[in-house]
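Enquirer: The numbers in the sequence shown follow my numbering, run straight up by one, and end at 323. From the three backbone atoms N, C-alpha and C, an ideal C-beta is built for every residue, glycine too. Let me begin by handing over the structure; questions about it come next.
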Amino acid sequence: MTSLITGAGLVGTSYAREAIAQGDPVVFYDVRPDANYINVKLDGAAYEAVQGDLRDLPALVTAMQRHQPDIVVHTAGLIGNSVSSPVYTGMQINVQGTINVLEAARLTGVKRFIHVSTYGVYDRRSEAGGTIPENYPRAGEGNPYSASKVANEHIAEAYATYYGFELVFVRPSNVFGYNHFRGGSGGGMTVHSLVEAGLTGEPLVVPAIRGRAFEYVYGKDLGRLIRRAAGIPLSGVTAFNGGNGFITTFEELADAVRTVLPDLKVTVTPSEGPVPSATTPLDISNAKALLDWQPEYSVPEAFADYVAEMRRAEGR
């Protein structure tokens, strides 16, 4: 079962690691595939990579014709504030890019399309306690990134309904893991800065907007979820939340880093106004029931693995 994975970052390589462990070939399609990073994440396992832009439909079609994937796992795109710089370009990459991947999959007969979306598709402005299931209203959070993801989901559903292929949405919480910040993730940058400060012992000052509470999921746990979603019998459109099931405050996050790097010293700058934090975790019962999945890494265990991987990669 060959997988073509758009994006060779944390999420794409975490899925690839699981696929390769089960003996299946993987092909990355990435605008700038980083061989060193991929080799670290895959422990040197064999893979193929195609350099290409999401906005280049002919290149996507050529890649799929050549490699004949059974599954497309779409992880590529801009993250967070990078979608806003400027919005037009961000939407060209995220929305038109996704349309191109869907169209290439249609033209080449791909049977299953896994779209890695985000918790940001949910309208958290109307949180009412409890947990957030997959049928929660999708209206985004009023920013270009979440708007692009909501649009992508509706477009993908239209493709799946009209052309009949299997479609899976995976909606992760705040994903973290080695080098996730490189893709533009604000949460990834915050986590990276904590780890870096813990390694160097230098005091870290974090702006209040980065000191918010979030729900997290470790990259390797998310990779397992996506892989399981790739392998089970499905029809139509299915969605899975991927989180650890609880909200982690910034103080708890820093304490988890200190279990591995006790020299971490961090302060959060005072806020001039209210700083919105997540208050409601994702409901992950669907992934537990249908995929027999739940996170294997606690937050401290995830940081132990993160730091070990970082040290191996960078010789620190």
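Tell me, which residues are paired with Val175 by DSSP?
Expert: Its beta-bridge partners are Ile121 and Thr245.
Enquirer: Quick check on the burial criterion: 16 or more other C-beta atoms within 10 angstroms. Buried or exposed for Tyr170?
Expert: A residue is called buried once 16 or more other Cβ atoms fall within 10 Å of its Cβ, and Tyr170, having fewer, is exposed.
Enquirer: What residue does the beta strand (DSSP E) around Glu164 start on, and which one ends it?
Expert: That residue, Glu164, is in no beta strand (DSSP E); its alpha helix (DSSP H) goes Pro151 to Tyr170.
Enquirer: For Ile242, I'd like the list of residues in its chain whose CB is within less than 7 angstroms of its CB, leaving aside the five on either flank, ordered along the chain.
Expert: Before going further, note that residue 242 is Ser rather than Ile in the sequence given. Excluding sequence neighbours, Ser242 sits near Glu173.
Enquirer: Excluding the 5 residues preceding and the 5 following Ala7 in the sequence, name in chain order all residues of the same chain whose CB lies nearer than 7 angstroms to its CB.
Expert: A question about residue 7 goes unanswered here, because the residues of the chain that appear run from 8 up to 323.
Enquirer: When you compare only the Cα positions, how much space is there between Gln99 and Phe120?
Expert: 20 angstroms
Enquirer: At 4 residues or longer, what runs of the alpha helix (DSSP H) sit wholly inside the segment 201 to 254?
Expert: 226 to 238
Enquirer: Met71 to Val117, Cα distance in whole Å?
Expert: 9 angstroms
Enquirer: Could you tell me whether the segment 158 to 167 touches the segment 200 to 216, using the rule of 3 or more Cβ pairs below 8 angstroms?
Expert: no
Enquirer: Measure the alpha-carbon distance for Arg323 versus Val18 and round it to whole angstroms.
Expert: Cα atoms of Arg323 and Val18: separation of roughly 24 angstroms, rounded to the nearest angstrom.
Enquirer: Mapping DSSP to helix, strand and coil, what is Ala83?
Expert: coil
Enquirer: Nearest CA to the CA of Glu110: which residue from Gly226, Val79 and Lys227?
Expert: Val79
Enquirer: Considering only the alpha carbon of each residue, which of Pro214, Ala146, Lys227 and Thr274 lies closest to Pro302?
Expert: Each of Pro214, Ala146, Lys227 and Thr274 was checked against the Cα of Pro302, and the nearest Cα belongs to Lys227.
Enquirer: Could you pull the DSSP bridge partners for Tyr36 from this structure?
Expert: Thr13 and Val57
Enquirer: Assuming Val128 and Gly147 form a contact by the criterion Cβ under 8 angstroms, report the distance between their Cβ atoms to the nearest whole angstrom.
Expert: 6 angstroms
Enquirer: Using DSSP bridges, identify the partner residues of Val108.
Expert: Note: Val108 sits in no beta bridge, so no partner.
Enquirer: Taking the CB atoms as reference points, tell me whether Thr69 and Val34 lie closer together than 8 angstroms.
Expert: no
Enquirer: Decide if Asn101 is buried, meaning its Cβ has at least 16 other Cβ atoms within 10 Å, or exposed.
Expert: buried
Enquirer: Along the beta strand (DSSP E) that carries Asn181, what are the first and last residues, could you check?
Expert: Asn181 to Phe183
Enquirer: Going by DSSP in three states, Ile78 sits in which element: helix, strand or coil?
Expert: strand
Enquirer: Does DSSP put Tyr126 in a helix, a strand or coil?
Expert: Reduced to three states, the DSSP call for Tyr126 is helix.
Enquirer: Which first and last residues belong to the beta strand (DSSP E) in which Val7 is found?
Expert: Outside the displayed range of the chain (8 to 323) lies residue 7, so it cannot be described from this structure.
Enquirer: Say yes only if the C-beta of Thr105 is nearer than 7 angstroms to one or more non-hydrogen atoms of the ligand HEM, and no if none qualify.
Expert: Ligands displayed in this structure: none; no statement on the ligand HEM is therefore possible.
Enquirer: From Thr256 to Arg113, what does the alpha carbon distance come to, in whole angstroms?
Expert: Put simply, the backbone Cα of Thr256 is about 43 angstroms away from that of Arg113.
Enquirer: Where does Leu260 fall in DSSP's three states?
Expert: Three-state result, Leu260: helix.
Enquirer: Would a C-beta distance cut-off of 8 angstroms place Ala66 and Gly14 closer than the cut-off?
Expert: no
Enquirer: Determine the direct distance from the alpha carbon of Asp50 to that of Gly238, and round the result to whole angstroms.
Expert: 23 angstroms
Enquirer: According to the neighbour-count rule (16 or more other Cβ atoms, all chains shown, within 10 Å of its Cβ), is Tyr95 buried or exposed?
Expert: exposed
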